[in-house]
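**Student:**
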Amino acid sequence: MADQPVQTISGETINDLGYTNVGQALTSLPVFGIPANSPIGGQGSFGAGQTFLNLYNLGSQRTLTLVNGNRFVGGATSSLFGASVGSPVDVSAISPSLLQGVDIVSVGGAPIYGADAIAGTVNFILKRNYDGIELRGSDGISEQGDARDYNVSLLVGHNFAGGRGNITLNIYYDHQDGLTTAQRYATGSNTPFYDLPTGASPYQNVAYTQGGLRYDGFPNTGIPMVADSTPYYGGPTGAGVTNAGGQGLYFNPQGHLVPFVNGTFTGTGFTEAGGSGFPIGNFGNLLAQSNRIQGTLLGHYDVSDHLRVHGELWWGRDTATNLAAQPYYSTGLFGPAGTPNGNLILNTANPFLSAADRATLQSALGTPGVDGTFYLARANTDLYTGAFTSTGYLVRGVGGIDGDFMIGTHSLKWDATINYGQSNTLTSQPNLVTQNFFNALNAVAGPNGPQCAPGYTNAAIATGSSTCAPLNIFGINNESAAALAYVTANAQTHQSNSQLDFVASLHGDIVHLPAGDVKFALGGEVRRESEKFDPGAFYLGQLQPDGTYAQYGNSIPITPVNGSYHTHEGFGELTVPLLGPDQHIPLVHDLTFHGAGRYTDNNLNGGFWSYTAGGTYSPVSGLTIRGNLTRSFREPAVTEAFAPKGSVFETGSDPCDKRNVGSGPNPAVRAANCAAAGIDTTTFVSNIDAFTIEGSSSGNQHLQNEYAKSWTVGAQATPGFIPGLRLTADYVSISISNEISQPGITAEMNGCYDSSNYPNSPYCSTFTRSASGQINNFTDNYTNINVESFRALQAGLDYNLPLSRVGLPSSAGAVLINATYLHTYRHYTSLGLVLGDVGDPVDSANANLHWLTKNFDWLWSFIYYGPTLINPASPAGTYEYPRISPYLMVNSSVGIKVNEHFDLRLNVNNVFNRTVTYAGPVPEFSTNREFDAILGRYYRLTAKVKF
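The numbering of the sequence shown is this note's numbering, which starts it at 805 and goes up by one.
Shown next, in the form of C-alpha cells:
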C-alpha cells in the first residue's frame, strides 16, 4: 500500500458517465481545481480546446501528468499570453475508449518521477492486452437543441504468439458544437447585474433589470460625439449628440440616429444595469467548437521468458475554435482619437449618413449646413469577433525493453525506455488592421457611390484585398464584403513543443527479512524540453527605425519565445518491511518504511535534491495508518525563463478606489497610504477596475526552482464485518516556497498600499499613476516571489454490495458506491487569500451510485459544492450577499446489454434541470464547475458493438 493518498477512477466509469474528454471527467472530482484551460469558457490564447489538469488548484504547471508511467509532451504555448506556463499535458489527446483507469497520487511523485509533481501525479493507464473489436458511437444534445457532440471510436486488439504479444489500435473522432455566452441566460448580459457593497452609496446596491451589465460609452452600433471624450461618465458628459428634446442619440442597427436609453448607473462611471450600452456579457466563449481525431497504436512482445519489448505510437489532430471574445474597441477610454482603440474621427460629409442624421450632427457641432468633424465611439463586433481557431498536431513515440534475472535467491528486473513527443499548434485569427480601417472610414462621395478618399497608403501587412473599399460604420453589419476584406488580415502563430526522455532503472529485492523482502530501485534519466513560439508577421508588428515594433491592429506587438533546457537525473527507492503478520506481534500487523530520493541537475539553474520518506502501519488486519514527508520541486518553464520583454494588458482591483479602500487586511493602513499618495478615496474611481491598462512583462533566466515541503497522514480501513467496504481519509499539507509567479497588478497595488512600509515597499515601484491618480503603467515580470500554503482533508468511500448478501437472488446484481470528499482548511498565498474564491469551494464531494445486473445497469452521479464566501479576504459588509448557495448536480445513465455483441446507454446530465448557484437572489458561479447548470438538461445516446 502506498504511503500517500491514491485515488483511482476506472476508464469504464468515465465512459459510463458519458464523458468524451477525460480531462473534464477528472475536473468533476473534488481534488481538482479549475483547469488553466479546458473547452469550457474563454480559451487560452493560441491554444483553443486544450485541456489541462489542476490538482488541488495549485496550478496546472504543478501537476505532473503521465501515460503508462511515462512523461508526455506538453501542449501549452510559451507565449506570455498563454493559458498556463510550464509543460501541462493536453489530456484531451487521450481517448476515453483506450483508458483502463487513472491513478491520482498526492504529493509524493517528485523523487520518483522528477520535476513538476508538487501537487501530485496523475497517471493514465491504457488497456494493455485488449483482444477483440469494439465500435462505439454516441450522440449528445442539450434540451435547447444545441451544443451537439457526436463521436465514434474503433478499438481493435489482438493477442498473438500464444499470448506472448499484443497489438492494439484505437482511432477516435469527436465533434463538439460550440456555444457563446449569449446563448445562455446565466452567462449573457440579460441577467441581473450585481456589483459591490452595501452602505457606501445607493448605486452600490444590487441593481435588478432585465438588461444586465452594459457599457454606456461604446455601443456596438456607434455613438457620436462632438468632442474627443466619452458620452457618459456617471451621467452625460456633454460630448454626446442630443436631439431637440435633449435626449442623447446613438445609431440603431440600421445606421440611423435614435434616442439612447440609459439604464441604472452602477457607480463605475461608464457601466449601467440595462439600457442601450454594449452588452459585454454576450460576447464571450462558453464552449469551444472542436473536431478531434486521434490514433494510438500500442504493442508489446515477450521475446523470451526474461526479455520483453514494448512500444507506443501516437498521432492526433485537434481543431478548436474560441467562438467569441471582446471586440476591437474604439473609445476615448483607451486613447486619443485617431490612435488604435481611440475614438474614430469622421466627417459629416460621409456619404453613408442619411440627410436627416447629417443635419442633426451638423447642428450639434454648431455648424448647420456646413460639414465638420465628429467622433464615434463603438465596440466593433461586426468587424472583429474575437474568434480564433487553433489546430494542434501531436506525434509521439515510446519504445522500451525490459528483462529480469536472478542472483542467487534475489529477483532483479531492469528496464530502459525512450520517449519522444512533439506538439505543434497553429492558431489563426482574422484581425482588423488599423491603418486600412482608417482608410476605409474616410469615405467620400464618388461618381458611382461612396469611395475611399484618394491619397491613402495601405498598411505594410497584407489583408484580404489591397484595394480600398469604403466602410459603412454606422449601425451594425452594414459593411460590404469588399470593405471587410480590405480591413482584415489573417494573423497566424505557431507553437512547437518537443520532449525527449530516456529512463533506465534496475529494481528488485536485495535482502530477505522475516517480514518480507527489502526492495530497491536505482535509475537514471536524461530529459530535454524545448519550446518555440512564433507570433507571425501580424502579431510581431511592423519594424520601426529604432528597432522596436508597432502594432498593426488591436493587439500590441507580441514577441517570439525560443528556449530549451536539459536535465540529468539519478534516483533511488527503498522499501523495508520492518514487521509483518507472520511475526505475531500484538497491535503490529504490518509496519513498512518507504523512502526515495532524486538528484536533478538542470543546465539552467544547477542541482536539486528531492526526497520522500514515509511508511504504513497496520495495528490489525483491515486498518492501515499511512504518512509521508516529501520535498518536491518545479523547474522554471521556458516561458518564465526565456520570454523577452513585451507589453501586456491587465485589469485589476485598485485598493485606492472608493469601492475597495475599506477592504484588505487593515483598511485603516490602506486608506492612510492611499491618502499619502494624493488620492481622494471618497470620490476616486479607478479605470483599471473596469478595463485593461497596458504594462510590460518578461521572463527571467536567473529564476531558481520552486520547492515544496509536503506531508500527508491518513488511514485506510477495510472492516471485515462489512465485506466490500473501503474507507480512506488523509490530511494533506503542501507549502510552496520560492514560487515563480507574475504577481499581477492587483497584488502589486495591494502589496504597496497595505504595507506598513509605504512608500518603501518594493511593490510600490512596480507601477505608476497619472496626475489624476489613474494607473498608467506597470511591470509584471516572472520572479521567485510567492509562497503558497494548502491544507485539506480528503476522504473516500468504496462499497461493493452483491444484493444476494441482503437476501435477493443473484440475478439482482450488485450495488457499487464510491464517493470522494475534500475539505480545504486553508489555501493561502503571500499575495492574496484564495480559499473560498468562486470555483474553489471549502467543501466539495463527488459520489456515484451504480446498480449493475447481467444485462442492465443504472448509474447516478452526484456533484456537490458547499456554501462558499465570494471573497473570504473581504471585511464584513463588503458584499450585500457574501455567501454563495450550495450547489448539487445530479446526472444519470442507464445501460442495456441487448445481446452479447450490442450495448445501448442513455445519459441524462442535469436530470432535474437545475440552474446556477446564487449569492442571495443573484447568480454567482464558476462557469467551469457549474457548466451543467448553465447548459441545462443534456441527453446522450451511446451504442457499442463488440466482437
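From the three backbone atoms N, C-alpha and C, an ideal C-beta is built for every residue, glycine too.
Since this is a predicted model, take the numbers as computed values, not measurements.
In terms of alpha-carbon separation, which member of 1210, 851, 1103 and 1644 lies closest to residue 1123?
**Tutor:** Mapped onto the sequence shown, residue 1123 falls at position 319. Cα-wise, what sits closest to residue 1123 is 851.
**Student:** Look at residue 1058 and residue 1279 and say whether their C-beta atoms are less than 7 Å apart.
**Tutor:** Mapped onto the sequence shown, residue 1058 falls at position 254. Mapped onto the sequence shown, residue 1279 falls at position 475. Going by C-beta atoms, residue 1058 is nearer than 7 Å to residue 1279.
**Student:** Report the start-end ranges of each beta strand (DSSP E) in the stretch 1673 to 1737 that is 3 residues or longer and not cut off at the edges.
**Tutor:** 1691 to 1703 and 1706 to 1713
**Student:** First and last residue of the beta strand (DSSP E) that includes residue 1438?
**Tutor:** Within the sequence shown, the letter at position 634 stands for residue 1438. Run containing residue 1438: 1427 to 1438, per the beta strand (DSSP E) assignment.
**Student:** Tell me the start and end of each unbroken beta strand (DSSP E) in the stretch 1518 to 1578 that is at least 3 residues and wholly inside, in chain order.
**Tutor:** 1529 to 1545 and 1571 to 1573
**Student:** Cα-Cα, which of 856, 896, 874 and 1222 is closest to residue 823?
**Tutor:** Position 19 of the sequence shown, counting from 1, holds the residue named residue 823. Out of 856, 896, 874 and 1222, 896 has the C-alpha closest to the C-alpha of residue 823.
**Student:** Starting from residue 1475, trace the alpha helix (DSSP H) both ways and give me its first and last residue.
**Tutor:** As a working note, residue 1475 is residue 671 in the sequence shown. Residues 1471 to 1480.
**Student:** Distance, Cα to Cα, residue 1416 vs residue 1437?
**Tutor:** Here the question's residue 1416 lines up with position 612 in the sequence shown. Here the question's residue 1437 lines up with position 633 in the sequence shown. Those two C-alpha atoms are separated by around 12 Å.
**Student:** Would DSSP call residue 986 helix, strand or coil?
**Tutor:** Position 182 of the sequence shown, counted from the first residue, corresponds to residue 986. Helix, per DSSP.
**Student:** Near residue 1142, what residues of its chain come up, given a Cβ to Cβ distance below 6 Å and the 5 sequence neighbours on each side ignored?
**Tutor:** As a first step, residue 1142 must be located in the sequence shown, where it is residue number 338. The residues are 1149.
**Student:** Does the beta-carbon of residue 1160 have 16 or more other beta-carbons within 10 angstroms, so that it is buried, or is it exposed?
**Tutor:** Along the sequence shown, one-based indexing puts residue 1160 at 356. Residue 1160 is exposed by the Cβ-count criterion.
**Student:** Please classify residue 1167: does DSSP put it in a helix, a strand, or coil?
**Tutor:** In the sequence shown, residue 1167 corresponds to position 363, counting from 1. In the structure shown, residue 1167 sits in a helix (DSSP, three-state: H, G or I).
**Student:** Look at the alpha carbon of residue 876 and the alpha carbon of residue 1303, and state the distance between them as a whole number of angstroms.
**Tutor:** Position 72 of the sequence shown, counted from the first residue, corresponds to residue 876. Position 499 of the sequence shown, counted from the first residue, corresponds to residue 1303. Straight-line Cα distance between these residues: approximately 8 Å.
**Student:** DSSP beta-bridge partners for residue 1096?
**Tutor:** Start at 1 with the first residue of the sequence shown, and residue 1096 comes out as number 292. According to DSSP, residue 1096 bridges with 978 and 1122.
**Student:** Under 7 Å between the Cβ atoms of residue 1454 and residue 1544?
**Tutor:** Here residue 1454 is taken as the residue at index 650 of the sequence shown, counted from 1. Here residue 1544 is taken as the residue at index 740 of the sequence shown, counted from 1. Contact: no.
**Student:** Quick one: grab the DSSP three-state call for residue 866.
**Tutor:** For the purposes of this step, residue 866 is taken as the residue at position 62 of the sequence shown. If DSSP states are grouped into helix, strand and coil, residue 866 belongs with the helices.
**Student:** Under 8 Å by Cβ, that's how I've got residue 1087 and residue 1128 pegged, so tell me the actual separation to the nearest angstrom.
**Tutor:** Counting from 1 along the sequence shown, the entry for residue 1087 is found at position 283. Counting from 1 along the sequence shown, the entry for residue 1128 is found at position 324. Yes, residue 1087 and residue 1128 are in contact; Cβ-Cβ is about 5 Å, under 8 Å.
**Student:** Taking contact to mean at least 3 C-beta pairs separated by less than 8 Å, is the stretch 1337 to 1351 in contact with the stretch 1373 to 1390?
**Tutor:** The stretch 1337 to 1351 makes no contact with the stretch 1373 to 1390: fewer than 3 CB pairs, one atom from each, lie closer than 8 Å.
**Student:** Under a Cβ-count criterion, where at least 16 other Cβ atoms within 10 Å of its own Cβ denotes burial, should residue 1412 be classed as buried or exposed?
**Tutor:** Within the sequence shown, residue 1412 is the residue found at index 608, counting from 1. Buried, by the Cβ-count rule.
**Student:** Tell me, please, which residues DSSP counts as bridged to residue 1217.
**Tutor:** Taking the sequence shown and counting its residues from 1, one reaches residue 1217 at position 413. In the DSSP output, where bridge partners are listed per residue, residue 1217 has 1208 and 1311.
**Student:** Should residue 1546 and residue 1584 be called a contact, given that it needs their Cβ atoms to be closer than 7 Å?
**Tutor:** To locate residue 1546, count along the sequence shown from 1; it is residue 742. To locate residue 1584, count along the sequence shown from 1; it is residue 780. At a Cβ-Cβ threshold of 7 Å, residue 1546 and residue 1584 count as neighbours.
**Student:** Quick check for students: name the residue ranges of the beta strand (DSSP E) that lie wholly in the stretch 1260 to 1318, counting only runs of 3 or more.
**Tutor:** Entirely contained in the stretch 1260 to 1318, the beta strand (DSSP E) runs reaching 3 residues are, in chain order, 1292 to 1317.
**Student:** Looking at residue 841 and residue 806, is the spacing between their C-beta atoms short of 7 Å?
**Tutor:** Within the sequence shown, numbered from 1, the residue matching residue 806 stands at position 2. Within the sequence shown, numbered from 1, the residue matching residue 841 stands at position 37. It is not a contact, given that the beta carbons lie outside the stated cut-off.
**Student:** Run through DSSP, which three-state label would residue 999 get?
**Tutor:** Translated into the one-based positions of the sequence shown, residue 999 becomes position 195. With a pLDDT of only 45 at residue 999, under 50, the local geometry of the prediction cannot be trusted, and the value read off the model is given with reservation. DSSP places residue 999 in coil when its eight states are reduced to three.
**Student:** Do you know how far the Cα of residue 1168 is from the Cα of residue 890?
**Tutor:** On the sequence shown, residue 890 is found 86 positions in, with the first residue counted as 1. On the sequence shown, residue 1168 is found 364 positions in, with the first residue counted as 1. Taking the straight line from one Cα to the other gives about 56 Å.
**Student:** Is the Cβ-Cβ distance between residue 1041 and residue 1034 less than 7 Å?
**Tutor:** Sequence index remark: in the sequence shown, residue 1041 carries index 237 (1-based). Sequence index remark: in the sequence shown, residue 1034 carries index 230 (1-based). Result yes, Cβ atoms of residue 1041 and residue 1034 sit closer than 7 Å.
**Student:** Can you list, in chain order, the residues of its chain whose CB lies under 8 Å from that of residue 1037, leaving out five sequence neighbours each side?
**Tutor:** The sequence position of residue 1037 within the sequence shown is 233, counting from 1. For residue 1037, the CB contacts under 8 Å within the same chain, skipping 5 residues up- and downstream, are 1021, 1073 and 1074 in chain order.
**Student:** The beta strand (DSSP E) spanning residue 1251 covers which residue range?
**Tutor:** Within the sequence shown, the letter at position 447 stands for residue 1251. Where residue 1251 is concerned, there is no enclosing beta strand (DSSP E), given that its DSSP letter is neither H nor E.
**Student:** In terms of DSSP beta bridges, what is residue 957 paired with?
**Tutor:** Along the sequence shown, read from residue 1 onward, the residue named residue 957 stands at position 153. Per DSSP, the beta-bridge partners of residue 957 are 940 and 976.
**Student:** Going by the CB atoms, is the gap between residue 1532 and residue 1611 shorter than 7 Å?
**Tutor:** Within the sequence shown, the letter at position 807 stands for residue 1611. Within the sequence shown, the letter at position 728 stands for residue 1532. In this structure, residue 1532 does not lie closer than 7 Å to residue 1611 by Cβ.
**Student:** Between residue 962 and residue 974, which are expected to be in contact by the criterion C-beta below 8 Å, what is the C-beta distance as a whole number of angstroms?
**Tutor:** Counting from 1 along the sequence shown, the entry for residue 962 is found at position 158. Counting from 1 along the sequence shown, the entry for residue 974 is found at position 170. No, residue 962 and residue 974 are not in contact; Cβ-Cβ is about 13 Å, not under 8 Å.
**Student:** Just to confirm my understanding: we take residue 1173, look at its own chain, exclude 5 residues before and 5 after, and list those with CB closer than 7 Å. What are they?
**Tutor:** For this step, residue 1173 is matched to residue 369 along the sequence shown. Here the set comprises 1166.
**Student:** Could you tell me which uninterrupted beta strand (DSSP E) segments, each at least 3 residues in length, are contained entirely in the stretch 1586 to 1658, listed from first to last along the chain?
**Tutor:** 1587 to 1606, 1618 to 1633 and 1647 to 1656
**Student:** Assign residue 1162 to one of three DSSP states: helix, strand, or coil.
**Tutor:** Within the sequence shown, numbered from 1, the residue matching residue 1162 stands at position 358. Residue 1162: helix per DSSP, three-state reduction.
**Student:** Could you pull out every residue in the same chain whose Cβ sits closer than 6 Å to the Cβ of residue 1183, ignoring the five residues on either side in sequence?
**Tutor:** For this step, residue 1183 is matched to residue 379 along the sequence shown. Excluding positions up to five away in sequence, the list reads 1022, 1024, 1082, 1131 and 1133.
**Student:** Cα separation between residue 1421 and residue 1401?
**Tutor:** Start at 1 with the first residue of the sequence shown, and residue 1421 comes out as number 617. Start at 1 with the first residue of the sequence shown, and residue 1401 comes out as number 597. Distance between the alpha carbons of residue 1421 and residue 1401 is about 22 Å.
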